[in-house]
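Residue 1 is where the sequence shown starts when you use UniProt numbering, and the numbers rise one by one after that.
Glycine residues also receive a C-beta, built at the ideal position from the N, C-alpha and C atoms.
From a predicted model like this one, the values you see are computed outputs, not experimental measurements.
Here is the structure we will look at, set down as structure tokens.
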Amino acid sequence: MKLKLQNVNPKNKRKNRSNGNEVKEARSKRILTFLFFVLLSFVFWLLMSLRLDYRMRVTLPVVYDELPANVRHADTAPEEVVFEIEDKGVELLKYSLKKFAPIRVKLSAQNRQHLRLELGKKALVEELQRQLSPGTRIISATPSEISLPLFTLRDKLVPVKLGFKPALTQGHRLGATIITPSAVHIYGSDQKLRHIKEVLTDSVDLSQYTSLTELDVPLKEPGGGVEYDKNPQMVHITFDIEALTERSYDLPIQAHNIPSGYTLIPLPGTAKVTLTIPQARYNQLDPEQLELAIVYPKGGAKISDTQLPVELRNAPDWIVSYRCHPSKVEFILKKK
């Protein structure tokens, strides 16, 4: 195999490289020229556009003079006013970079006398107009005016109630609940206070407590423009949580409401009563205080059943619940 070797002239090599560089430079110049004219066109278009009329929105915050301690707004006060303005684009560009002063609503002597805080449409426009160029037009304002009724705070003393149903661990019950203070002052308009009869506490999880517990609990907000003298309003609550136990007795069954000239004999004559009581009262229970009884219907009414229910009578009020076995007994009614 024969190889053909070609002698490359170094001068030709340098010449080709030089021609390549010239092509690249020419191409770069054309791109730069194109970009320059694009930028020039954009600037020209921007200058022409800024001379046209446009609209934009301007938002001004509203600042209210501090009201006397016993005066409040009856409605929600607007926090800002949104204006729509029209002017040349160059002016609007300036406004977009400008920080506007807020609108200040003052409580004048006339407003205080009529219990109303007002700033009309004309006054609103003037608040913005003095911050704009003379040629700028204000198209609209939202809200178009500020008109807030005011009211003088009244106070009312209302009771405090638990705002939840306590959920305790099994085998416990809630005894006495003491709320301190038992009543608090609320403040608002006469109309609002008229409909509030009580205030409620927030919910508390009592499932982790098994004995006497004292907690500071906040009150729920009354709402509707009614407030407390301090927020959050707290009350101190004592929860008497009692552990429960059971105690049983076999007691004779007494008969009541027996017709004249008759004798009523329960069958059987005794029943077992099981009492659920607070553990602390276990040794205070005396079976002599208790009475199991059956009651014959009044007026000799017919009995649809041959049995009468067994009831617990004359029991202390701290007994939580009871059950009798048997719960009903048969009876014999006979003449004496």
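Just reading off the alpha helix (DSSP H) that residue i is part of, what are its end residues?
i: residue 90; result: 89 to 96
i: residue 124; result: 121 to 129
Report yes if the CB atom of residue i is closer than 8 angstroms to the CB atom of residue j, and no otherwise.
i: residue 154; j: residue 190; result: yes
i: residue 402; j: residue 158; result: Any property of residue 402 remains undetermined from this structure, which presents the chain solely from 1 to 336.
i: residue 334; j: residue 263; result: yes
i: residue 145; j: residue 119; result: yes
i: residue 253; j: residue 199; result: no
i: residue 226; j: residue 152; result: no
i: residue 125; j: residue 139; result: no
i: residue 268; j: residue 294; result: no
Can you list, in chain order, the residues of its chain whose CB lies under 6 angstroms from that of residue i, leaving out five sequence neighbours each side?
i: residue 127; result: 103
i: residue 237; result: 179, 215, 217
Go through its chain and collect everything with a Cβ distance to residue i's Cβ below 7 angstroms, but skip five positions before and after it.
i: residue 92; result: 54, 56
i: residue 235; result: 160, 179, 180, 181, 201, 217, 219
i: residue 203; result: 163, 164
i: residue 168; result: 174, 206, 207, 241
Using a Cβ-Cβ cutoff of less than 8 angstroms, which residues in the same chain neighbour residue i once the five nearest sequence positions on both sides are dropped?
i: residue 276; result: 244, 245, 246, 319, 320, 321, 322
i: residue 114; result: none
i: residue 314; result: 289, 290, 291
i: residue 327; result: 309, 310
Start and end of the beta strand (DSSP E) containing residue i?
i: residue 190; result: It is not in any beta strand (DSSP E) - residue 190 instead sits in the alpha helix (DSSP H) that spans 190 to 193.
i: residue 322; result: 321 to 325
i: residue 237; result: 234 to 256
i: residue 136; result: Run containing residue 136: none; DSSP gives neither H nor E here.
i: residue 102; result: From DSSP, residue 102 is part of no beta strand (DSSP E); its letter is neither H nor E.
i: residue 132; result: First-last for residue 132: undefined, no H or E at that position.
i: residue 307; result: 307 to 309
i: residue 150; result: 146 to 152
i: residue 164; result: From DSSP, residue 164 is part of no beta strand (DSSP E); its letter is neither H nor E.
i: residue 61; result: 53 to 64
i: residue 277; result: 270 to 278
Hey, residue i and residue j are a contact pair by Cβ (cut 8 angstroms); roughly how many whole angstroms apart?
i: residue 85; j: residue 58; result: 6 angstroms
i: residue 312; j: residue 285; result: That pair is no contact at about 12 angstroms.
i: residue 346; j: residue 77; result: With the chain running from 1 to 336 in the structure shown, residue 346 is simply not present.
i: residue 123; j: residue 83; result: With 8 angstroms as the limit, residue 123 and residue 83 do not qualify as a contact, their Cβ atoms being about 13 angstroms apart.
Counting only C-beta atoms, is residue i closer than 8 angstroms to chain C at any point?
i: residue 306; result: The structure shown contains no chain C; it is built from a single protein chain.
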